[in-house]
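Some notes on the structure that comes next.
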């Protein structure tokens with residue numbers, strides 16, 4: 019008989035759909051602010067809600083406002099990571115349970131009701147994983163000419179090479195995009 023490794027779970031129960039609902043509860047607690055930098059991608063009128071979770075090489079957030087330095091590197095925490103440090107453990111546990119073991123990420127873009135027009139993620143390295151959460155219908159992701167379901171679906175694709183855009187939806191739609199930020203490789 020082989021030894022069984024028992025992993026103690028802190029946040030999730032190792033059930034795909036229930037874990038997606040649990041993750042959604044964590045994401046809904048975030049303080050989404052209008053993001054002017056990502057506004058150019060938004061094809062809907064109105065404010066753009068998008069957060070970057072991870073590290074950045076940029077020390078200054080605003081004039082006279084510095085970011086928190088990561089003690090393990092020469093980089094700085096994004097505002098979202100500094101404000102919600104527990105998300106790192108949450109994302110780590112979720113990804114270890116549900117992502118392919120070969121998928122590597124070091125940053126997460128968290129979008130709320132963001133409808134992106136056709137674009138490529140020029141700065142991302144390799145494949146990204148997109149996951150849709152929330153209470154919405156439709157809202158697929160069109161990659162090249164094929165529309166893929168996003169709700170509770172893991173879409174793995176190379177966003178730096180493939181043109182992709184968000185389709186219309188009804189309801190509140192959150193997407194998490196796990197990717198490798200070229201500034202900080204895991």
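Residue numbers (our numbering): 19 to 204. Backbone N, C-alpha and C define an ideal beta-carbon position, used for all residues, glycine too.
CB of residue i within 7 angstroms of CB of residue j, strictly
| i | j | result |
| --- | --- | --- |
| residue 147 | residue 174 | yes |
| residue 138 | residue 105 | no |
| residue 44 | residue 67 | no |
Residue i versus residue j: straight-line alpha-carbon distance, rounded
| i | j | result |
| --- | --- | --- |
| residue 31 | residue 201 | 33 angstroms |
| residue 87 | residue 125 | 16 angstroms |
| residue 83 | residue 97 | 11 angstroms |
| residue 79 | residue 85 | 6 angstroms |
| residue 57 | residue 131 | In this prediction, residue 57 has a pLDDT of 46, which is less than 50 and means its spatial position is unreliable; nothing more can be read from the coordinates. |
| residue 185 | residue 166 | 10 angstroms |
| residue 187 | residue 162 | 19 angstroms |
| residue 100 | residue 69 | 12 angstroms |
Residue(s) in a DSSP beta bridge with residue i
| i | result |
| --- | --- |
| residue 95 | 73 |
| residue 125 | 197 |
| residue 184 | 159 |
| residue 83 | 80 |
| residue 102 | DSSP output for residue 102 lists no bridge partner at all. |
| residue 154 | 189 |
| residue 169 | 150 |
From the options, residue whose alpha carbon lies closest to that of residue i
| i | options | result |
| --- | --- | --- |
| residue 94 | 50, 127 and 73 | 73 |
| residue 205 | 198, 151, 75 and 38 | In the structure as shown, the chain starts at 19 and stops at 204, and residue 205 therefore has no counterpart that could be examined. |
Give a yes or no on contact between the stretch 155-171 and the stretch 185-200, applying the rule of three or more CB pairs nearer than 8 angstroms.
-> yes
Three or more C-beta pairs closer than 8 angstroms, one from the stretch 31-41 and one from the stretch 112-128: is that the case here?
-> yes
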